[in-house]
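If you're matching positions, the sequence shown starts at 1 in this note's numbering and goes up one per residue.
Backbone N, C-alpha and C define an ideal beta-carbon position, used for all residues, glycine too.
First the structure, in the form of structure tokens, and then the observations on it.
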Amino acid sequence: MNDFIIAPSILSADFARLGEEVDKVLEAGADMIHFDVMDNHYVPNLTIGPMVCKALRHHGVTADIDVHLMVKPVDRMIEEFIKAGASSITFHPQASEHIDRSLQMIKDGGCKAGLVFNPATPLNDLKHVMDKIDMVLLMSVNPGFGGQSFIPSTLDKIREARALIDASGYNIRLEVDGGISEKNIAEVAQAGADTFVAGSAIFGKDDYQAVIGNMRAELAR
Ligand code: DX5
Ligand code: ZN
1 MNDFIIAPSI
11 LSADFARLGE
21 EVDKVLEAGA
31 DMIHFDVMDN
41 HYVPNLTIGP
51 MVCKALRHHG
61 VTADIDVHLM
71 VKPVDRMIEE
81 FIKAGASSIT
91 FHPQASEHID
101 RSLQMIKDGG
111 CKAGLVFNPA
121 TPLNDLKHVM
131 DKIDMVLLMS
141 VNPGFGGQSF
151 IPSTLDKIRE
161 ARALIDASGY
171 NIRLEVDGGI
181 SEKNIAEVAQ
191 AGADTFVAGS
201 AIFGKDDYQA
211 VIGNMRAELA
221 R
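Structure (structure tokens):
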């Protein structure tokens, strides 16, 4: 698969100017917006919720909004983000009492669905839901904060997930989140990822177009 998706995480954007930031990063060539939802319970940080997703839709954002739920429990937030205009919703299996039911809620709401795996969480929960998911999100940092370093052991896990997806025969995207930059994106793609979340590497620079352009050049190598 070589249709790569670059998804800037707005966690590292300037929240005081969020609409402008999202417009700017999309104009710079981003494919979708990664939206990190943290609850100070499942992860030790507190960020943004469905109201902000809805506000971005009202602002005129038509690009896909990829909602990464780092909240426990997940089901109420799934309902709210469906109403708020999410395009895809992913959650951590540990945060759901009934993984299959939560996935089905997302699908019934017309969104793409996926599971998220922390660096040390095995991929076991994937096996029985392959037919229900559109994406697998592998964390390459421990969830909770932007700007952390990529954990190298994730590369083996990306290869493992790629093999499982290919063997399943389903059309499932493999997204990687955390510590991705121009420097390692090619290696992450070579391991089997096709969708790349990057927060600080993009929003930490002045010229978003240059960073995204460099990332695409790295992916084309
Ligand atoms: C971490 C979030 C990530 C994070 C990525 O819990 O899920 O999406 O914002 O940020 P960087 O690219 O700075 O590691
Ligand atoms: Zn994320």
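Would you check whether the ligand ZN has a heavy atom nearer than 8 Å to the C-beta of H92?
Residue mapping note: residue 92 aligns to position 92 of the sequence shown, counting from 1. No, the Cβ of H92 stays beyond 8 Å of every heavy atom of the ligand ZN.
C-alpha gap between L219 and K24, whole angstroms
One-based indexing of the sequence shown puts residue 219 at position 219. One-based indexing of the sequence shown puts residue 24 at position 24. Straight-line Cα distance between these residues: approximately 22 Å.
What I want to know is whether the C-beta of D34 ends up closer than 8 Å to one or more non-hydrogen atoms of the ligand ZN.
Here residue 34 is taken as the residue at index 34 of the sequence shown, counted from 1. The question names Asp, but residue 34 in the sequence shown is His. Answer for H34: yes, Cβ within range of the ligand ZN.
Heavy atom of the ligand ZN less than 8 Å from the Cβ of N181, yes or no?
Within the sequence shown, numbered from 1, the residue matching residue 181 stands at position 181. Residue identity differs from the one stated: residue 181 is Ser in this sequence, not Asn. No, Cβ of S181 sits at least 8 Å from all heavy atoms of the ligand ZN.
Expected contact under 8 Å - CB spacing of E175 and T154 to nearest Å
As a working note, residue 175 is residue 175 in the sequence shown. As a working note, residue 154 is residue 154 in the sequence shown. In fact, because the Cβ distance is near 12 Å, the residues do not count as touching under 8 Å.
Between S87 and the ligand DX5, is there a pair consisting of the residue's CB and a ligand heavy atom that are separated by less than 8 Å?
In the sequence shown, residue 87 corresponds to position 87, counting from 1. Outside the cutoff, so no.
A55 and L18 closer than 9 Å at C-beta
Residue numbering aside, residue 55 sits at position 55 when the sequence shown is read from its first letter. Residue numbering aside, residue 18 sits at position 18 when the sequence shown is read from its first letter. Going by C-beta atoms, A55 is nearer than 9 Å to L18.
Excluding the five sequence neighbours on either side, which residues of its own chain have a C-beta within less than 7 Å of the C-beta of I133, listed in chain order?
For this step, residue 133 is matched to residue 133 along the sequence shown. Answer for I133: L103, A113, G114, L115, I172, listed in chain order.
So, under 8 Å CB-CB, A222 and S9 are touching, yes? Tell me the CB distance rounded to an integer number of Å.
Any question about residue 222 goes unanswered here, given that the chain covers just 1 to 221.
Mapping DSSP to helix, strand and coil, what is I180?
Residue mapping note: residue 180 aligns to position 180 of the sequence shown, counting from 1. Of the three classes helix, strand and coil, the one that applies to I180 here is coil, per DSSP.
Does the Cβ-Cβ distance between D177 and L138 come in under 9 Å?
Within the sequence shown, residue 177 is the residue found at index 177, counting from 1. Within the sequence shown, residue 138 is the residue found at index 138, counting from 1. It is a contact, given that the beta carbons lie within the stated cut-off.
G110 beta carbon less than 9 Å from that of Q148
In the sequence shown, counting from the first residue as 1, residue 148 sits at position 148. In the sequence shown, counting from the first residue as 1, residue 110 sits at position 110. Not a contact, by the Cβ cut-off of 9 Å.
L123 - containing beta strand (DSSP E), residue span
Indexing the sequence shown from 1 puts residue 123 at position 123. Per DSSP, L123 belongs to no beta strand (DSSP E) and is neither H nor E.
Where DSSP assigns a beta bridge to M105, which residues make up the other side?
Mapped onto the sequence shown, residue 105 falls at position 105. Note: M105 sits in no beta bridge, so no partner.
Using 9 Å as the threshold, is the C-beta distance between N142 and N124 below it?
For this step, residue 142 is matched to residue 142 along the sequence shown. For this step, residue 124 is matched to residue 124 along the sequence shown. For the pair N142 and N124, the CB atoms are not nearer than the 9 Å cut-off.
On the premise that I106 lies in contact with I78, defined as a C-beta separation below 8 Å, what is that separation, rounded to the nearest angstrom?
Here residue 78 refers to the residue found at position 78 of the sequence shown. Here residue 106 refers to the residue found at position 106 of the sequence shown. I78 to I106, Cβ: 6 Å. Contact.
Closer than 8 Å: P44 CB and nearest the ligand DX5 heavy atom:
Here residue 44 is taken as the residue at index 44 of the sequence shown, counted from 1. P44 Cβ: outside cutoff for every heavy atom of the ligand DX5.
Which residue marks the beginning of the beta strand (DSSP E) containing S88, and which one marks its end?
The residue labelled residue 88 in the question sits at position 88 within the sequence shown. Segment 88-91, the beta strand (DSSP E) holding S88.
Please list the terminal residues of the continuous alpha helix (DSSP H) segment that includes H58.
Counting from one through the sequence shown, the residue named residue 58 turns up at place 58. Where H58 is concerned, the enclosing alpha helix (DSSP H) stretches over 50-59.
Give a yes or no on whether the C-beta atoms belonging to I158 and A191 are separated by under 9 Å.
Locating residue 158 in the sequence shown gives position 158, where the first residue counts as 1. Locating residue 191 in the sequence shown gives position 191, where the first residue counts as 1. It is a contact, given that the beta carbons lie within the stated cut-off.
Can you list, in chain order, the stretches of the alpha helix (DSSP H) that have 4 or more residues and sit fully within the segment 189-218?
200-203
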